[in-house]
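Report on the structure given below.
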Amino acid sequence: MYVPQHVVTNNDLIKYMDTTDAWIRERTGITERRYAHRTEETTTTMGIEAAKIAIKNAGITPQDIDFVIFATLSPDYYFPGCGVLVQRTMKMKEIGALDVRNQCSGFVYAISVGDQFIKSGMYKNILVIGSEKHSFGLDFSTRGRNISVIFGDGSGAVVLQPTTNENQGILSTHLHSDGESAEILAMYNPGTHANHWMPEKLADFNEAEMGEMFMSHEMIDKGQNFPHMDGQSVFKKAVIKIPEAIMESLAANNYKPSDINMLITHQANLRISQYVQHQLGLRDDQVYNNIQRYGNTTAASIPLALCEAWQDGKVKEGDLVCLAAFGSGFTWAAALLKW
Ligand SMILES: CC(C)(COP(=O)(O)OP(=O)(O)OC[C@H]1O[C@@H](n2cnc3c(N)ncnc32)[C@H](O)[C@@H]1OP(=O)(O)O)[C@@H](O)C(=O)NCCC(=O)NCCS
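Take 657 as the starting number for the sequence shown in our numbering and just add one per residue.
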């Protein structure tokens, strides 16, 4: 894992918007988050810092990596993706590089893709990165406070490799989506939607045949270049779909909730994670949360929490580890691992 040095407390945010430490703590559990250096760090450079550690811990070099999967919603460029920037910077061979755009479920989707390539025998060393530089794209005025206080920057990475040990590794992954609520948690612009999916017209689109429409001055003036979220709808769906995905992963492998040694849910909101823990009847030592210190780091949140839990000795060889996520799309997913 890698997180930027700069710590931003709830009280620091009061300088920019009408909010309070108490509101943020009570609703989300967050006390502080990290923000990347404005100009010296990007989503990719942070991902590379985490990748260097993962590759070193795996006992290999960047030249041994066969495939890169990069999950993020805050890429350095709209295109190309961050994967190729990793390949270039880490001087990897001319391997495949794939970016995954599944937001908060991005990391679980990414390891699921990697798992299929490993199990098919196509690749032996897959680098999976989840990284976000949210601080560069949030509305820090009071208008954006329901979103801006939640998100933070950071990155995490893993190297996936085949194992001959039958009772070890990724047992199964389970991916889901329901696009009915795609606009509930979304960043509409820049995009090509031209109001197509919107019940109400957002910005005006120029009917002229030619002209820039990806991002107009009007969109920027109306703050439509920032993410949009109906927090309560997200909350209600998340607390149903995360337990569902966990139960699905357990049932697929003949386990029950009490068998879980460590559950790591996407760190969206401490209240969501606690609700899921309660619903599954798990003890405190069966779950790990660090949203209090990092906020919601989207694609990075699961590897950040997994890394800290592992470093703290809370994830040990042979443990049954469940990863579960929910986010924009909506998409949700779970992975069951034998560590
Ligand atoms: C975002 C979230 C914390 C908001 O909590 P909530 O109880 O739903 O709050 P609401 O949005 O209904 O807003 C309640 C009030 O707080 C205000 N408010 C919103 N953000 C605020 C902030 N940062 N500080 C102070 N007040 C705030 C609202 O303006 C509203 O005021 P009003 O009652 O005067 O209109 C909560 O909905 C949530 O966590 N949802 C899940 C979001 C999530 O996990 N997103 C990541 C996706 S994976």
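Note that CB positions come from ideal geometry on N, CA and C, so glycine has one too. Note that this is a predicted model, so its numbers are computed, not measured.
Just the Cα atoms here: how many angstroms apart are residue i and residue j?
i	j	result
F870	R757	19 angstroms
V784	L754	10 angstroms
L936	V895	11 angstroms
T676	P660	24 angstroms
N925	R683	8 angstroms
V932	M866	50 angstroms
A692	Y944	24 angstroms
P855	E839	10 angstroms
A961	L976	15 angstroms
T820	K972	18 angstroms
F735	S872	19 angstroms
A842	M875	15 angstroms
G653	L827	Because the chain spans 657 through 995 in this model, residue 653 falls outside it and cannot be assessed.
W988	F763	11 angstroms
W966	R690	21 angstroms
N713	A908	30 angstroms
C963	H852	41 angstroms
D860	G800	22 angstroms
M918	H934	14 angstroms
H662	D941	29 angstroms
D732	Q948	26 angstroms
Q823	L669	For the record, residue 823 in the displayed sequence is Asn; it is not Gln. Roughly 47 angstroms between the two C-alpha positions.
H849	G737	21 angstroms
G887	K893	10 angstroms
Q759	S730	9 angstroms
G685	D968	21 angstroms
K671	T701	28 angstroms
N667	I920	28 angstroms
A678	T665	12 angstroms
P846	R694	21 angstroms
What is the C-beta distance between residue i and residue j, in whole angstroms, given that I count them as a contact (C-beta under 8 angstroms)?
i	j	result
S804	F792	Not quite, the Cβ-Cβ distance comes to about 12 angstroms (not below 8 angstroms), so this is no contact.
T829	S768	4 angstroms
E904	A990	7 angstroms
S811	G786	7 angstroms
N802	M885	7 angstroms
G983	H922	7 angstroms
L992	L906	7 angstroms
P818	I751	Contact doesn't hold; Cβ gap of about 17 angstroms is too wide.
L979	I958	5 angstroms
G825	K994	6 angstroms
Quick check: residue i and residue j, are their CB atoms within less than 9 angstroms of each other?
i	j	result
G835	G985	yes
T717	I725	no
D722	K780	yes
P913	I898	no
T954	T687	no
I806	G974	no
A981	S833	no
Y658	E696	no
S837	S889	yes
L831	Y765	yes
G703	V740	no
F882	L794	yes
A707	M746	yes
A813	I709	yes
Q719	K749	yes
9 angstroms is my cut-off, CB to CB: does residue i come that close to chain C?
i	result
F870	Protein chains in the displayed structure number just one, and chain C is not present.
> Residue ranges of each alpha helix (DSSP H) run of no fewer than 4 residues wholly in the segment 799 to 826, ordered along the chain?
Replying inline: 801 to 804
>> Extract the residue ranges of the alpha helix (DSSP H) inside the segment 907 to 972, only unbroken runs of 4 or more that lie entirely within it.
In response: 926 to 936, 947 to 950, 957 to 967
> Fully enclosed by the segment 718 to 745, which alpha helix (DSSP H) runs are 4 residues long or longer?
Replying inline: 738 to 745
> Which full runs of the alpha helix (DSSP H) of 4+ residues lie inside the segment 661 to 693, going along the chain?
Replying inline: 666 to 669, 677 to 684
> What alpha helix (DSSP H) runs, 4 residues minimum, are completely inside the segment 736 to 795?
Replying inline: 738 to 745, 762 to 775
> What are the start and end residues of each continuous alpha helix (DSSP H) run of 4 or more residues lying completely inside the segment 834 to 866, in chain order?
Replying inline: none
> Whole beta strand (DSSP E) runs in the segment 871 to 898 with 3 or more residues, listed along the chain?
Replying inline: none
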